[in-house]
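Enquirer:
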Amino acid sequence: MDKNDFLELANTDVKKCMKCGKCSARCPSFDEMDIKPHQFVSYLAEGKIDKLLVSKSIWTCLSCLACVERCPRGVAPQSVIEAIRDTVTRKAGANGLSAEDIPPILDDDVPQQLLVAAYRKYNK
Amino acid sequence: MQRIGVFICWCGSNIAATVDVEKVSEVIKQEKGVVFATNYQYMCSENGQQIIKNAIKEYNLTGIVIGSCSPRMHEATFRKAAQAAGLNPYMVEVANIREHCSWIHKDRAEATEKAIILVRTAIAKVLLNTPLAEGESPVTKRALVIGGGIAGIQTALDIAEAGFEVDIVEKNATIGGRMAQIDKTFPTLDCSACILTPKMVDCAQNEKIDILSYSEIESVQGFVGNFTVTIRKKARYVDENKCTGCKVCMQYCPSKKGLNEFNMNMNTRTAIYIPFAQAIPNVAVIDPEQCIKLKTGKCGVCKLKCSAGAINYDMKDEFIERKYGAIVVATGFKPIDLDNFNEYAYKDSKDVITSLELERLMNAAGPTNGVLLRPSDNAHPKDITFIQCVGSRDVSGCGKPYCSKICCMYTAKHAMLIREKYPDTRVHVFYIDVRTPGKNYDEFYRRAVEQYDVDYIKGMVGKVFPMANGKLLVQGSNLLDNEQIFIESDLVVLATAIEPEPSVRKIATLLATSIDTNNFLTEAHPKLRPVESPTAGIYLAGVCQGPRDIPETVSMASACAAKVIGLLVKDKLKTNPCIALTNENMCNGCSQCANVCAYGAISYIEKEFRLGGGKTEVRRVSYVNPAVCQGCGACTVTCPSGAIDLKGFSSKQIMSEVETICKK
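For the protein sequence lines, the chains are A and B, in the order given. When the letters of the first sequence are read in order and numbered with the numbering used here, they come out as residues 1 to 124. When the letters of the second sequence are read in order and numbered with the numbering used here, they come out as residues 1001 to 1664.
Okay, here's the thing in structure tokens:
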């Protein structure tokens, strides 16, 4: 996945950021973050995806949306964090499910939809 | 038979690089009616114009077509050249082969073909042109200035200096505007009132200037040179001619709880009041919302105490009608409401104030007599935090998308003044960018940092918490250190965005002039005509047109005055002959044209027509007032019977152009 994939996934216009830092100013998890909310926006804009993918911040972000609420430019830093978190989550289960794994776990109680969703998520 | 000359301009390489000008003039030579065609490097140059003049004389031309830039650029130039050679200037057509052709095409063959079509189209039109003569309208030698702040004051003084009469209409009880509220001015730190009030006095003493205070514009009719304006003089309940400004009434008025608008509502005033000591006119006014006599009928103390007999509780709004040649809008600004910014606790704590409120707190005539005391408990603040860009540069919908321009400088000013007067105070400024373009401006800001030790923090405040100990906890980011910081403050000052005074919307409608999405009035050209509105005879001074500081506002005001004087010195104005004309024989009297006319130029008259055989009939037909019509053409497309036509742009001419374009 490249920068454009993440821009699409985050669905927020990082170029609108005027680097005021209001997102980080109110973040309740600021001290627990190695990469701060405003940096998520600028790192994505600069294409430094690798750094974001190993950030601990994605696990300390509370998704309280204070950053989104406060941003004067209509940027959503939390959406960037979420895009990274989702990606990491899916990658963690990489090849966790192959086609052969499915028949043994099939039974009448498992909804078809669940299998389709799981396959989509974990077979990357 | 028309004899047309065609002149194709190269515009250096602007046109010639993309359009084969030689081919265009060769092909056009074959067109019906064309007796002469040529091309030249710069048609607008002295030499180019001479080519046109010579050809008109030599070939006895009856009409000419110039293939060049947009007619907005040089139509006037070519019309003048034609007129000098004895050709009616309205027998000139410009085919725009630059903006509409060479600049937007890359392929030379295509662009050349299109240029030929455009020139042919202009020829088709000029073949149907008729010579037109400009009309004349008189100029009323008096100007109106709407708004009595520094912009209006400066404009009025400059216009009066040139010997013309000028009226200032001010909605408040005194002129002076926002500048009267400000304590010191950047970058020189001179006292605002000290430099403003002499100008206010000059206005009052100038016999050419009439100050209509406590008045508003009610209606506007007419056009450049000939405006008729109705002004509402609001009931002041005090006779301006009798009141001496002695203020005895204010000492005795029992209703003392009105909020003092001049001090940004930070203290109270009596129901009868003079806004501030140097008010012009120095005449009291009664607030009808607050006056006990006007509300209940019982009281009348001020009337009893007034030795001049100036109080009149029965006063009614008065309407004055005056004529003007030019109107200057100088309606100014207000700080935005902070309802959308709960994070700064402006509504929750008295100690969170706006910068304009701080101006009053620092001012010797303010609620604290110039001693900086925090509003909640009148204690001396020791830690003061400034927050910049509150509501400016905000595209989230909470604030304004633009930079308010003045905040960086006044915040530096406030920070410096406080550090100078109270050296034991710690001053912090949260900034996103410090924007200080201007003469001695950046030096001024750097003095705050370097000399006065003001703590500038690159970052924004996320939240202001009122604490139990009465202090304010300011939580913000320090981006340079990549830290989140907390500052315990006694006072928080918000550099609040400014917006145009809301009443400007109504005024723009009355003046039929345009306004943008932020309620700023639109200028005729952002670079080359910045003080003129697109509506002729209307000029713009100060923040009504865009954010600006005092020096810029004063420059703009003087520029407006120069424009107004340039208009008022003329005895007559030339009017555009391209206006609507009714064919009375075709008019069915339906009134649709009158309904769509934005300028009120169309009325209906009863007219007697001969029917033949000695019989007559009286019919109702449309009449266009040539002095008022602006030639917009709305009536011509509305008329169901095709009875109304625009001179110089008749339906026949336009259809002929369309046909030429469509012809292969």
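Yeah, the Cβ is synthetic: ideal placement off N, Cα and C, and Gly gets one too. Predicted model only: the values in this text are computed from it and were never measured.
What is the DSSP secondary structure of B:I1387, reduced to helix, strand or coil?
Expert: Here residue 1387 of chain B refers to the residue found at position 387 when the second sequence is read from its first residue. Strand.
Enquirer: What does a CB cutoff of less than 7 Å around B:Y1090 pick up in its chain, not counting 5 residues either side in sequence?
Expert: Your numbering for residue 1090 of chain B matches position 90 in the second sequence. If you ignore the 5 residues before and after B:Y1090, its C-beta comes within less than 7 Å of the C-beta of N1129, P1131, L1132, P1577, G1648, all in its own chain and listed in chain order.
Enquirer: Quick one: is B:M1416 buried, meaning 16 or more other Cβ sit within 10 Å of its Cβ, or exposed?
Expert: If you number the second sequence from 1, residue 1416 of chain B lands on position 416. Buried.
Enquirer: Beta carbon of B:R1620, beta carbon of B:E1608: below 8 Å?
Expert: As a working mapping, residue 1620 of chain B is identified with position 620 in the second sequence. As a working mapping, residue 1608 of chain B is identified with position 608 in the second sequence. With respect to B:E1608, B:R1620 sits apart: the two C-beta atoms are not nearer than 8 Å.
Enquirer: Just to confirm my understanding: we take B:P1640, look at its own chain, exclude 5 residues before and 5 after, and list those with CB closer than 8 Å. What are they?
Expert: Counting from one through the second sequence, the residue named residue 1640 of chain B turns up at place 640. Excluding positions up to five away in sequence, the list reads N1588, C1590, Q1592.
Enquirer: Please list, in chain order, the chain A residues whose beta carbon lies closer than 8 Å to that of B:D1481.
Expert: Within the second sequence, the letter at position 481 stands for residue 1481 of chain B. Within 8 Å Cβ-Cβ: nothing; B:D1481 doesn't reach chain A, min ~11 Å.
Enquirer: Where DSSP assigns a beta bridge to B:T1616, which residues make up the other side?
Expert: For this step, residue 1616 of chain B is matched to residue 616 along the second sequence. Bridge pairing for B:T1616: B:R1610 [DSSP].
Enquirer: What are the residues that DSSP puts in a beta bridge with B:P1466?
Expert: Position 466 of the second sequence, counting from 1, holds the residue named residue 1466 of chain B. Paired residue(s): B:L1472.
Enquirer: From B:F1333 to A:G74, what distance separates their C-alpha atoms?
Expert: Here residue 1333 of chain B corresponds to residue number 333 of the second sequence, with the count starting at 1. Here residue 74 of chain A corresponds to residue number 74 of the first sequence, with the count starting at 1. So the two alpha carbons sit approximately 26 Å from each other.
Enquirer: If contact is defined by three or more beta carbon pairs under 8 Å, each pair taking one atom from either stretch, is the region 58-66 of chain A in contact with the region 6-20 of chain A?
Expert: Output reads no: the region 58-66 of chain A does not touch the region 6-20 of chain A.
Enquirer: Suppose you measure from the CA of B:A1084 to the CA of B:K1053; what does that come to, to the nearest Å?
Expert: As a working note, residue 1084 of chain B is residue 84 in the second sequence. As a working note, residue 1053 of chain B is residue 53 in the second sequence. Using only the alpha carbons, I get a separation of about 7 Å.
Enquirer: Mind checking the region 1372-1394 of chain B against chain A and listing, in chain order, the residues whose C-beta falls within less than 9 Å of any C-beta there?
Expert: C1389, G1391, S1392, R1393, D1394
Enquirer: By the DSSP assignment, the alpha helix (DSSP H) with B:V1658 in it spans what residues?
Expert: As a working mapping, residue 1658 of chain B is identified with position 658 in the second sequence. Annotation for B:V1658: the continuous alpha helix (DSSP H) segment containing it runs 1651-1662.
Enquirer: List the residues of chain B that A:S24 touches, going by C-beta distances under 7 Å, in chain order.
Expert: As a first step, residue 24 of chain A must be located in the first sequence, where it is residue number 24. Result: S1477, Q1484.
Enquirer: Hey, B:L1665 and B:V1492 are a contact pair by Cβ (cut 8 Å); roughly how many whole angstroms apart?
Expert: Residue 1665 of chain B falls outside the range modelled here, since chain B spans only 1001 to 1664, and no answer is possible.
Enquirer: Report the three-state DSSP secondary structure of B:R1072 (helix, strand or coil).
Expert: The residue given as residue 1072 of chain B occupies position 72 in the second sequence. Three-state DSSP puts B:R1072 in a helix.
Enquirer: Just to make sure I have the definition right: I need the residues of chain A whose C-beta is within less than 9 Å of the C-beta of B:I1498. Which are they?
Expert: As a position in the second sequence, residue 1498 of chain B is number 498, starting the count at 1. Neighbours of B:I1498 on chain A: none; closest Cβ ~16 Å, over 9 Å.
Enquirer: When Cβ atoms are compared, which residues of the region 8-23 of chain A fall closer than 9 Å to chain B?
Expert: K16, M18, K19, C20, G21, K22, C23
Enquirer: Taking Cβ-Cβ distances shorter than 7 Å, what residues in chain B pair up with A:C126?
Expert: Examination of residue 126 of chain A is not possible in this model, given that chain A is present from 1 through 124 alone.
Enquirer: Please look up how many angstroms separate the CB atoms of B:K1141 and B:L1568, rounded, as I've assumed it's under 8 Å.
Expert: Counting from 1 along the second sequence, the entry for residue 1141 of chain B is found at position 141. Counting from 1 along the second sequence, the entry for residue 1568 of chain B is found at position 568. Right, the Cβ-Cβ distance comes to about 5 Å (below 8 Å), so this counts as a contact.
Enquirer: Do you know how far the Cα of A:I35 is from the Cα of B:A1675?
Expert: With chain B covering only 1001 through 1664, there is no way to say anything about residue 1675 of chain B.
Enquirer: Using only alpha-carbon positions, find the residue among B:A1559, B:V1021, B:I1217 that is nearest to B:R1232.
Expert: Position 232 of the second sequence holds residue 1232 of chain B. Closest by alpha carbon: B:I1217.
Enquirer: Can you give me the C-alpha to C-alpha distance between B:T1522 and B:T1509, rounded to a whole angstrom?
Expert: Along the second sequence, one-based indexing puts residue 1522 of chain B at 522. Along the second sequence, one-based indexing puts residue 1509 of chain B at 509. Rounded to whole angstroms, B:T1522 to B:T1509 spans 13 Å at the Cα level.
Enquirer: With a threshold of 16 other CB atoms inside 10 Å of the CB of B:F1036, please say whether the residue is buried or exposed.
Expert: The sequence position of residue 1036 of chain B within the second sequence is 36, counting from 1. It counts as buried.
Enquirer: Considering only C-alpha positions, which residue in the set B:I1406, B:V1464, B:Q1475 is nearest to B:Y1445?
Expert: On the second sequence, position 445 is the one that residue 1445 of chain B refers to. The shortest Cα separation from B:Y1445 among B:I1406, B:V1464, B:Q1475 belongs to B:I1406.
Enquirer: In chain A, which residues lie less than 8 Å from B:V1461 when you measure between Cβ atoms?
Expert: As a working note, residue 1461 of chain B is residue 461 in the second sequence. Under the 8 Å cutoff, chain A gives K22, A25.
Enquirer: Return the chain-ordered list of same chain residues with a C-beta closer than 7 Å to the C-beta of B:E1359, the five sequence neighbours on each side being excluded.
Expert: On the second sequence, residue 1359 of chain B is found 359 positions in, with the first residue counted as 1. For B:E1359, where only same-chain residues beyond five positions count, the Cβ hits under 7 Å are Q1181, I1182, D1183.
Enquirer: To the nearest angstrom, report how far apart B:K1114 and B:R1072 are at their CA atoms.
Expert: By one-based count along the second sequence, residue 1114 of chain B stands at place 114. By one-based count along the second sequence, residue 1072 of chain B stands at place 72. So the alpha carbons of these two residues sit roughly 20 Å apart.
Enquirer: For a test of the three-state rule: what should DSSP assign to B:R1232, helix, strand or coil?
Expert: Reading the second sequence from its first residue, position 232 is the one you call residue 1232 of chain B. Residue state, collapsed to three classes: strand.
Enquirer: Within 8 Å (strictly less), CB to CB, does A:P72 reach chain D?
Expert: No chain D is present in this structure, whose protein chains are A and B.
Enquirer: If you measure from the beta carbon of B:E1022 to each beta carbon in chain A, is any gap under 8 Å?
Expert: Within the second sequence, the letter at position 22 stands for residue 1022 of chain B. Not closer than 8 Å to any Cβ of chain A, the Cβ of B:E1022 fails to qualify, so no.
Enquirer: List in chain order: all unbroken alpha helix (DSSP H) runs of 4+ residues lying wholly within the region 1192-1230 of chain B.
Expert: Within the region 1192-1230 of chain B, the complete alpha helix (DSSP H) runs of at least 4 residues are 1192-1205.
Enquirer: Relative to the C-alpha of A:Y119, which residue among A:A99, A:M1, A:D2 is closest?
Expert: Your numbering for residue 119 of chain A matches position 119 in the first sequence. Looking at the Cα atoms, A:A99 is the closest of the given residues.
Enquirer: Do the region 1280-1287 of chain B and the region 1341-1352 of chain B touch if we need at least three Cβ pairs shorter than 8 Å?
Expert: Under the three-pair Cβ rule at 8 Å, the region 1280-1287 of chain B does not count as touching the region 1341-1352 of chain B.
Enquirer: Strictly by DSSP, which residues pair up with B:E1488?
Expert: Against the second sequence, residue 1488 of chain B aligns to sequence position 488. According to DSSP, B:E1488 bridges with B:L1473.
Enquirer: Going by the DSSP bridge assignment, what does B:T1575 pair with across the sheet?
Expert: Working through the second sequence from its first residue, we reach residue 1575 of chain B at position 575. Answer is B:G1135, bridged to B:T1575.
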